[in-house]
Amino acid sequence: MVSTEVDALELTVWEALAAVHDPEIPPVSITDLGIVDRVRIGDGAVEVDLLPTFAGCPALDVIREDVERSVERVAGDRSVVVRFVYSPPWTSDRITPEGREAMRGYGLTPPGEGRVFLPLASLTQGSQTATCPFCGSADTVLESAFGPTLCRSTHFCRACRNAFEAFKPKGKTIR
Amino acid sequence: MATMTDDPRLSLLLALADDELIMGHRHSEWTGWAPHIEEDLAFSSIGQDEMAHARLLYGLVKEITGRDENDLALGRQQGEYRNAVLCERPNRDWGYTIARQYLYDSADAVRLAALADSSWKELADLVGVMRLEEKYHTDHAEAWFERLARGPVTARQRFAEGLSACIGEAVALFEPLPGEEDLVADGALPKPNEELLADWLARLGEVLEEASLDFVLERHGPPTGEMVPTSAGEIAGEREDLRVPGVARREGRWVHEGGFEGAGGRHGRHSEDFLPLWDEMTKLYREHPGARW
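Note that the protein sequences, when read in sequence, are chains A and B. Everything in the first sequence is counted per our numbering, starting at 96 for the first residue and increasing by one. Everything in the second sequence is counted per our numbering, starting at 118 for the first residue and increasing by one.
In structure tokens:
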């Protein structure tokens with residue numbers, strides 16, 4: 096296969112990947128979430144390397160199956176190999192601006208810039224930890240660094256009095 | 118299965134992975150029972166992270182031994198688990214739970230920081246992922262440390278009792294591994310455990326002194342109120358055998374000098390608390406070998 100065909104197939108695979116969505120955040124595609132590390136078109140196989148957001152995320156198996164199904168549709172005679180890899184580690188700055196916007200539209204505050212917050216509401220009274228995805232107010236309190244999934248924290252907006260969730264920041268460096 | 122003497126990398130991997138698995142199992146016991154719903158979520162999430170980290174590390178064990186992750190987590194005999202005894206102790210009360218989480222995760226942070234520079238690239242990569250998630254565990258433990266240590270008298274007292282009860286066995290998290298010299302020589306383990314212990318203990322000593330809780334390093338023992346000093350500074354029930362083995366203050370620094378309490382975990386020797394935990398954790402897998410869910 097000449098290189099232009101390989102390039103065309105790679106593009107088609109990326110388009111197929113962009114159509115796969117995170118089952119726990121349906122409006123966000125896995126490409127916007129930044130978990131696709133690499134696509135490689137080999138002679139006999141299409142290889143896709145994925146970076147897990149959180150190692151214990153139970154959605155990983157569903158994502159893997161969805162990726163396999165989606166890529167098999169465009170891979171022709173090639174087999175499809177989907178792997179989870181751990182280098183580089185996934186960090187929340189891999190989420191694209193489109194992904195962040197889709198999260199906000201879903202009622203989930205996108206991750207903050209770097210700083211990891213303290214986990215107990217009583218210790219963070221008055222500190223601004225996340226912007227409310229419903230009214231946009233910054234007058235919010237962190238209820239817990241933990242939530243319904245490993246990647247979410249729980250907050251309360253004092254302006255519109257809604258409870259809301261945010262996607263946790265996951266940083267490159269340990270401070 | 119390859120034995121520990123075949124490949125010292127297994128003793129390192131299983132110490133790390135089994136600590137995470139067993140700690141995760143104990144944390145999961147708070148699911149539905151924690152004092153409030155945020156803590157229910159916190160311990161459930163931390164437990165889920167720890168078990169996921171164990172699974173990542175078992176993936177490397179699988180490459181050496183051929184045994185898969187489920188079989189490693191649930192299909193081994195009791196004497197094949199290499200977790201430190203600290204991890205298998207029951208949760209007791211909130212004071213003990215927080216004390217143990219603080220000691221365990223601060224110690225884990227020290228060894229993971231060292232392993233991030235491991236010459237074994239596959240391990241260093243996994244450690245890089247683990248550390249980003251462990252940051253939330255140490256934040257949780259530190260916030261609760263502050264809350265209990267500076268909280269009302271009862272909270273402080275029960276936290277001190279928890280620290281007293283588990284400090285000795287926390288030191289044994291750094292018990293030398295079988296084959297450790299080889300691991301250090303080839304850089305898989307960048308620092309010997311004794312050095313990691315010295316780093317952790319010196320920092321812990323500072324934190325405890327700052328909170329006026331350093332007395333737990335001098336005396337430890339049964340999880341009862343008798344270990345907390347009265348306002349006159351007296352401690353009821355003080356006995357020679359209540360000292361933390363091998364921990365002493367020398368020239369303004371807390372150091373380790375020799376012994377370990379509750380040692381043996383790295384060789385597969387466990388306390389009386391391990392059997393009921395193992396029995397519950399592995400029951401389904403033993404009755405339905407190869408079960409998937």
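Every residue, glycine too, gets a C-beta built ideally from N, C-alpha and C.
- Here T99(A) is exposed. Its C-beta has fewer than 16 other C-beta atoms within 10 Å.
- Nearest CB-CB separation between Y213(B) and chain A: not below the 7 angstroms threshold.
- With a contact defined as Cβ atoms closer than 8 angstroms, L130(B) and V178(B) qualify at about 5 angstroms.
- Taking 9 angstroms as the upper bound on Cβ-Cβ separation, chain A lies near residues A241, D242, L243, G245, V246, M247, R248, L249, E250, E251, K252, Y253, D256, H257, E259, A260, W261 and E263 of the segment 241 to 263 of chain B.
- Bridge partners of T204(A) according to DSSP: A261(A).
- Note on geometry: alpha-carbon atoms of F251(A) and T235(A) lie some 6 angstroms from one another.
- In the structure shown, A151(B) adopts coil according to DSSP, grouped into three states.
- If you look at H373(B), you'll find it in the beta strand (DSSP E) that goes R370 to H373.
- Chain B places no beta carbon closer than 7 angstroms to that of G129(A), leaving this residue out of the contacts.
- When DSSP reads this structure, V177(A) sits in a beta bridge with V143(A).
- Residue contact with chain B for P184(A): present (Cβ-Cβ distance below 7 angstroms to some residue of chain B).
- The beta carbons of E250(B) and F149(A) sit about 6 angstroms from each other, so the pair counts as a contact at 8 angstroms.
- Linking R366(B) to L330(B) through their CA atoms gives a straight-line distance of about 14 angstroms.
- In the DSSP assignment, A170(A) falls outside any alpha helix (DSSP H) and carries neither an H nor an E.
- Taken atom to atom, the span from the alpha-carbon of L220(B) to that of R173(A) is near 51 angstroms.
- Put simply, the segment 189 to 209 of chain A touches the segment 121 to 130 of chain A. At least three CB pairs are less than 8 angstroms apart.
- In this structure, DSSP gives A240(A) a state outside helix and strand, which the three-state scheme calls coil.
- Excluding residues up to 5 positions away in sequence, G164 lie with their Cβ nearer than 6 angstroms to the Cβ of S145(B) in the same chain.
- Here DSSP, grouped into helix, strand and coil, assigns S236(B) to coil.
- For D185(B), no alpha helix (DSSP H) run applies, since DSSP gives it neither H nor E.
- Note on geometry: alpha-carbon atoms of T214(B) and R267(B) lie some 17 angstroms from one another.
- Taking C-beta separations shorter than 6 angstroms and ignoring five residues to either side along the sequence, the partners of A225(A) in its chain run T204, T235, H250 and A261, following chain order.
- Residues of the segment 147 to 181 of chain B with a Cβ closer than 7 angstroms to any Cβ of chain A, in chain order: E155, L158, A159, S162, Q165, D166, M168, A169, H170 and L173.
- For D161(A), the closest alpha carbon among the candidates A103(A), V115(A) and G171(A) is that of V115(A).
- Residues of chain B whose Cβ lies closer than 9 angstroms to the Cβ of A170(A) do not exist; the shortest such Cβ separation is about 26 angstroms.
- Rounded to whole angstroms, the separation of the alpha carbons of D138(A) and E205(B) is 50 angstroms.
- Among the residues of the segment 143 to 171 of chain A, those with a Cβ less than 7 angstroms away from any Cβ of chain B are F149, A150 and G151, in the order of the chain.
- For R193(B), there is no enclosing beta strand (DSSP E), as DSSP marks it with neither H nor E.
- Under DSSP, F251(A) shares a beta bridge with V236(A) and A258(A).
- For P307(B), the secondary structure class from DSSP, reduced to helix, strand or coil, is coil.
- Chain B has a Cβ within less than 7 angstroms of the Cβ of S239(A).
- According to the DSSP assignment, I136(A) belongs to the beta strand (DSSP E) that extends over V131 to I136.
- Collapsing the DSSP output to three states places I190(A) in coil.
- Of V123(A), L245(A) and V176(A), the smallest CA-CA separation from P153(A) is found for L245(A).
- By the criterion of a C-beta distance shorter than 6 angstroms, K308(B) is surrounded in its chain by A231, once the five residues flanking it on both sides are discounted.
- Using beta-carbon distances, L245(A) counts as an interface residue toward chain B, with a partner under 7 angstroms.
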